[in-house]
Amino acid sequence: KTDILIRTQGRNIFVAECKFWRGQKMLLDTLDQLLGYTCWRDTKVAVIIFNRNKDFSEVLKTIKDTVKGHANCKRELGVRSETSFNYVFAHRDDSNRELTLTVLAFDVPT
1 KTDILIRTQG RNIFVAECKF WRGQKMLLDT LDQLLGYTCW RDTKVAVIIF NRNKDFSEVL
61 KTIKDTVKGH ANCKRELGVR SETSFNYVFA HRDDSNRELT LTVLAFDVPT
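Going letter by letter, the sequence shown gives residues 1 to 110 in my numbering.
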């Protein structure tokens, strides 16, 4: 089960997971969870993170370092904004098949 799934003409065109920030392990588990949902034809995936912790700047740095260090991360595509990052990931079952991963982070006041 995924949090957000957009399908058209019988195909997934977007798959996303939404999580509250609970640290690096949560993010790694979420990336693995998301990669577990994808099939060979999927090309666009996202992780949407909501932060309630203090020091959002440190959370953003940890997100970037963690995603870049994931075994399936091939390269960083760039930063859209201070809280939006794009990467190319290898599919978990076919390293030649690539997915575009977007990570969006939102600071939510408590």
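C-beta: ideal position from N, C-alpha, C; glycine also.
In chain order, what residues of the same chain lie with their CB nearer than 6 Å to the CB of residue i, ignoring the 5 residues before and after it?
i, result
"A46", "A16, T102"
"K74", "V88, A90"
Enumerate in chain order the residues of its own chain whose CB-to-CB distance from residue i is below 7 Å, with the five nearest sequence positions on each side excluded.
i, result
"K68", "E76"
"D94", "W40"
Using three-state DSSP, classify residue i as helix, strand or coil.
i, result
"E58", "helix"
"G78", "strand"
"V67", "helix"
"T83", "coil"
When you compare only the Cα positions, how much space is there between residue i and residue j?
i, j, result
"N96", "T8", "24 Å"
"T43", "Y87", "12 Å"
"V59", "R52", "10 Å"
"F56", "I13", "30 Å"
"S81", "D107", "14 Å"
Within 10 angstroms of the Cβ of residue i, are there 16 or more other Cβ atoms? Answer buried if so, exposed if not.
i, result
"D79", "It should be noted that the sequence gives Val, not Asp, for residue 79. It counts as exposed."
"T30", "buried"
"I49", "buried"
"T38", "buried"
For residue i, tell me which candidate among the options has the shortest Cα-Cα distance.
i, options, result
"D32", "K61, S84, T66, K54", "T66"
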